[in-house]
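Peer 1: Numbering (the numbering used here), first residue to last: 354 to 764.
Every residue gets a Cβ at the ideal spot worked out from N, C-alpha and C, and that includes glycine.
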Ligand SMILES: Nc1ncnc2c1ncn2[C@@H]1O[C@H](COP(=O)(O)OP(=O)(O)OP(=O)(O)O)[C@@H](O)[C@H]1O
Ligand SMILES: O=C(O)[C@@H](O)C(=O)CO
């Protein structure tokens with residue numbers, strides 16, 4: 354294995370795996386830290402954790418365990434993947450995990466670059482934009498678990514990391530890889546270990562990738578991985594895929610603006626069943642009933658707990674944020690297990706936490722990467738009879754669910 358990756362959620366990990374696979378790397382996504390060695394032909398391994406919203410000490414512990422496994426596979430470089438909207442709290446977990454990995458790898462120039470221009474995330478003068486909005490005005494300020502109230506990446510990172518934070522500004526990035534490397538060296542000399550790097554276009558990310566050659570640790574979104582395969586002499590290649598026949602369903606626990614738009618579009622064309630968190634918690638809406646409904650409903654049925662910020666806030670005030678999230682996540686996991694037993698072969702999930710819960714409940718250990726459905730979302734093969742797609746909350750076009758079912762296979 355050449356490149357070892359640690360993702361702080363499952364959809365983000367498949368986003369990164371998608372970028373690496375498209376760039377020609379033989380890539381596998383793992384659910385948690387594998388307990389045996391990787392296949393010898395794997396060039397990039399992405400260990401997906403569900404560590405974005407957990408206790409920082411536990412996130413560090415799991416990330417270091419993933420690091421040790423990746424090092425045992427012979428990785429030459431480590432990539433810590435977090436969200437292109439920097440989803441985290443003031444306590445972490447991006448800073449604590451980046452600090453711990455930097456220490457373990459003796460890394461002193463650590464790139465911090467969540468940019469993903471293909472999905473509208475750019476960084477200018479250290480500020481993170483989502484399309485034409487600052488991060489904290491993009492809807493991310495209402496995220497149910499990690500509300501983002503600031504767009505200044507240096508300030509966000511400084512609040513979480515023990516190290517001082519530098520910046521490679523756009524005017525340097527535009528001059529290319531050598532200028533970026535020189536500015537990172539200057540930041541290092543000035544005592545800055547975490548270095549935010551501006552990026553507005555894929556071309557910038559290719560230069561940042563070239564400047565990252567030989568660095569032990571890179572952190573960021575999938576965009577900054579665009580240029581890494583070339584450092585290992587690897588060129589883009591088509592990603593093989595075998596279409597899967599059988600029933601397809603959609604499970605959505607994502608409350609993001611994009612997912613809610615996709616749900617509205619989908620409900621105008623297909624049947625949908627709303628999951629009521631209160632009924633889940635008091636046991637009157639059961640996983641068996643929902644799985645049965647999905648299995649028996651024609652077309653591409655959708656079960657969703659997704660709701661607007663006011664409704665989510667009401668549920669959280671009534672039951673507690675963690676209790677509501679946990680109840681819904683384990684509910685979706687249970688539904689997915691029942692669906693797989695019934696013979697459903699294509700499962701689409703929306704939301705990082707939701708997707709992680711579903712993959713873990715299905716006991717999927719490795720996922721082969723297939724073609725891209727929409728930017729950042731690949732088709733994934735979990736077994737000979739099950740294919741899945743894990744959509745990050747804010748990814749995908751309006752008709753994403755229909756498109757994803759068709760890329761995965763046919764009914
Ligand atoms: N109606 C609801 N009320 C309260 N919490 C909800 C509701 N629906 C979903 N949730 C919880 O909100 C969280 C949504 O997070 P999730 O990561 O699944 O989606 P997302 O944040 O949109 O996606 P991503 O992390 O990929 O951007 C989950 O923990 C989910 O269980
Ligand atoms: O980087 C992103 O935006 C996504 O891959 C993600 O991590 C959302 O959960």
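(1) Does ligand 2 have even one heavy atom less than 6 Å from the beta-carbon of residue 702?
(2) Taking 7 Å as the threshold (C-beta atoms), are residue 615 and residue 435 in contact?
(3) Please report the straight-line C-alpha distance between residue 588 and residue 387, rounded to a whole angstrom.
(4) Using a threshold of 7 Å, state whether the C-beta atoms of residue 593 and residue 378 are closer than that.
(5) Tell me the rounded alpha-carbon separation between residue 399 and residue 443.
(6) Between the Cα of residue 507 and the Cα atoms of 601, 463, 642 and 565, which residue gives the shortest distance?
(7) Could you give the uninterrupted runs of the beta strand (DSSP E) lying entirely in the region 378-450, keeping only those of 3 residues or more?
(8) Mind checking residue 354: buried by the 16 CB within 10 Å criterion, or exposed?
(9) Specify, as a first and last residue, the run of the beta strand (DSSP E) that residue 545 falls within.
(10) In angstroms with no decimal places, state the Cα-to-Cα distance between residue 580 and residue 644.
(11) Let me check understanding here. Comparing Cα to Cα, which of 447, 430 and 397 lies closest to residue 460?
(12) Determine the contact status of residue 626 and residue 656, defining contact as a CB-CB distance below 7 Å.
(13) With 16 other CB atoms within 10 Å as the buried threshold, where does residue 694 fall?
(14) Exposed or buried, residue 696, counting other C-beta atoms within 10 Å across all chains shown (16 or more means buried)?
(15) Just to confirm, does residue 706 get its C-beta within under 6 Å of one of the non-hydrogen atoms of ligand 1?
(16) Any idea what DSSP makes of residue 751, helix, strand or coil?
(17) Comparing the CB of residue 497 with every heavy atom of ligand 1, is any distance shorter than 6 Å?
(18) Taking the CB atoms as reference points, tell me whether residue 732 and residue 761 lie closer together than 7 Å.
(19) Look at the alpha carbon of residue 552 and the alpha carbon of residue 505, and state the distance between them as a whole number of angstroms.
(20) Any heavy atom of ligand 4 closer than 6 Å to the beta-carbon of residue 572?
(21) Using the C-alpha atoms, what's the distance from residue 453 back to residue 734?
(22) Figure out for me which residue from 750, 510, 556 and 584 has the closest Cα to the Cα of residue 566.
(23) Cα-Cα, which of 759, 755, 744 and 764 is closest to residue 331?
(24) In chain order, what residues of the same chain lie with their CB nearer than 6 Å to the CB of residue 534, ignoring the 5 residues before and after it?
(25) Mind checking whether the beta-carbon of residue 614 lies closer than 6 Å to any heavy atom of ligand 1?
(26) Just reading off the alpha helix (DSSP H) that residue 678 is part of, what are its end residues?
(27) Helix, strand or coil for residue 458, going by three-state DSSP, please let me know.
(28) Is residue 518 near residue 511, with beta carbons less than 7 Å apart?
(29) Quick check for students: name the residue ranges of the alpha helix (DSSP H) that lie wholly in the region 605-673, counting only runs of 4 or more.
(30) What's the gap between the Cα of residue 487 and the Cα of residue 478?
(31) Just reading off the beta strand (DSSP E) that residue 725 is part of, what are its end residues?
(32) Give me the residue from 631, 361 and 720 with the minimum Cα distance to residue 412.
(33) Just to check, is the beta-carbon of residue 437 closer than 6 Å to a non-hydrogen atom of ligand 2?
(34) Report the rounded CA-to-CA distance for residue 554 versus residue 375, giving the unit in angstroms.
(35) Distance, Cα to Cα, residue 652 vs residue 382?
Peer 2: Let me spell this out:
(1) Locating residue 702 in the chain shown gives position 349, where the first residue counts as 1. False, no ligand heavy atom lies under 6 Å from that Cβ.
(2) Mapped onto the chain shown, residue 435 falls at position 82. Mapped onto the chain shown, residue 615 falls at position 262. In this structure, residue 615 does not lie closer than 7 Å to residue 435 by Cβ.
(3) By 1-based counting over the chain shown, the position of residue 588 is 235. By 1-based counting over the chain shown, the position of residue 387 is 34. Their Cα atoms are separated by approximately 27 Å.
(4) One-based indexing of the chain shown puts residue 593 at position 240. One-based indexing of the chain shown puts residue 378 at position 25. One thing to note: residue 593 has its Cβ no nearer than 7 Å to the Cβ of residue 378.
(5) The residue labelled residue 399 in the question sits at position 46 within the chain shown. The residue labelled residue 443 in the question sits at position 90 within the chain shown. Whole-angstrom Cα-Cα distance: 26 Å.
(6) Translated into the one-based positions of the chain shown, residue 507 becomes position 154. Measuring from the Cα of residue 507, the nearest candidate turns out to be 463.
(7) Secondary structure in the region 378-450: the beta strand (DSSP E) runs of 3 residues or longer, each lying completely within the stretch, are 380-384, 397-401 and 430-434 in chain order.
(8) Numbered from its first residue, the chain shown carries residue 354 at position 1. That one is buried.
(9) As a first step, residue 545 is located in the chain shown; it is residue number 192 there, counting from the start. Taken as a continuous stretch (DSSP letters only), the beta strand (DSSP E) holding residue 545 covers 545-550.
(10) Along the chain shown, read from residue 1 onward, the residue named residue 580 stands at position 227. Along the chain shown, read from residue 1 onward, the residue named residue 644 stands at position 291. Going by the C-alpha atoms only, they are around 42 Å apart.
(11) Working through the chain shown from its first residue, we reach residue 460 at position 107. Cα-wise, what sits closest to residue 460 is 430.
(12) Your numbering for residue 626 matches position 273 in the chain shown. Your numbering for residue 656 matches position 303 in the chain shown. Cβ distance < 7 Å, so residue 626 and residue 656 count as in contact.
(13) Translated into the one-based positions of the chain shown, residue 694 becomes position 341. Counting every other CB atom within 10 Å of its CB across the protein chains shown gives residue 694 a total below 16, marking it as exposed.
(14) Here the question's residue 696 lines up with position 343 in the chain shown. Exposed, since its Cβ has fewer than 16 Cβ neighbours within 10 Å.
(15) For this step, residue 706 is matched to residue 353 along the chain shown. Under cutoff, so the answer is yes.
(16) Working through the chain shown from its first residue, we reach residue 751 at position 398. In the structure shown, residue 751 sits in coil (DSSP, three-state: anything other than H, G, I, E or B).
(17) On the chain shown, position 144 is the one that residue 497 refers to. Here the distance from the Cβ of residue 497 to the nearest heavy atom of ligand 1 is below 6 Å.
(18) What you label residue 732 is simply residue 379 of the chain shown in a count that begins at 1. What you label residue 761 is simply residue 408 of the chain shown in a count that begins at 1. Cβ distance < 7 Å, so residue 732 and residue 761 count as in contact.
(19) By one-based count along the chain shown, residue 552 stands at place 199. By one-based count along the chain shown, residue 505 stands at place 152. C-alpha separation (whole angstroms): 14 Å.
(20) Questions concerning ligand 4 fall outside what the structure shown contains, since the ligands it does hold are ligand 1 and ligand 2.
(21) Taking the chain shown and counting its residues from 1, the one referred to as residue 734 is at position 381. Taking the chain shown and counting its residues from 1, the one referred to as residue 453 is at position 100. Whole-angstrom Cα-Cα distance: 32 Å.
(22) Walking along the chain shown from the start, residue 566 turns up at place 213. Out of 750, 510, 556 and 584, 584 has the C-alpha closest to the C-alpha of residue 566.
(23) Any property of residue 331 remains undetermined from this structure, which presents the chain solely from 354 to 764.
(24) Position 181 of the chain shown, counted from the first residue, corresponds to residue 534. Hits under 6 Å: 564.
(25) As a first step, residue 614 must be located in the chain shown, where it is residue number 261. Residue 614 has its Cβ no nearer than 6 Å to any heavy atom of ligand 1.
(26) Here residue 678 corresponds to residue number 325 of the chain shown, with the count starting at 1. First-last of the alpha helix (DSSP H) with residue 678: 674-695.
(27) Position 105 of the chain shown, counted from the first residue, corresponds to residue 458. Residue 458 falls in the helix class under three-state DSSP.
(28) Taking the chain shown and counting its residues from 1, the one referred to as residue 518 is at position 165. Taking the chain shown and counting its residues from 1, the one referred to as residue 511 is at position 158. Judged by their CB atoms, residue 518 and residue 511 are nearer to each other than the 7 Å cut-off.
(29) You should have 610-620, 630-634, 640-649 and 662-672.
(30) Translated into positions along the chain shown, residue 487 becomes position 134. Translated into positions along the chain shown, residue 478 becomes position 125. If you draw a straight line from the Cα of residue 487 to the Cα of residue 478, it comes to about 12 Å.
(31) On the chain shown, residue 725 is found 372 positions in, with the first residue counted as 1. Counting along the chain, the beta strand (DSSP E) containing residue 725 begins and ends at 719-727.
(32) Residue numbering aside, residue 412 sits at position 59 when the chain shown is read from its first letter. If we check each option's Cα against that of residue 412, 361 comes out closest.
(33) Mapped onto the chain shown, residue 437 falls at position 84. Yes; taking the cut-off as 6 Å, the Cβ of residue 437 has a heavy atom of ligand 2 nearer than that.
(34) Here residue 554 corresponds to residue number 201 of the chain shown, with the count starting at 1. Here residue 375 corresponds to residue number 22 of the chain shown, with the count starting at 1. A straight line joining the alpha-carbon of residue 554 with that of residue 375 spans about 18 Å.
(35) Here residue 652 refers to the residue found at position 299 of the chain shown. Here residue 382 refers to the residue found at position 29 of the chain shown. Cα-Cα distance, rounded: 29 Å.
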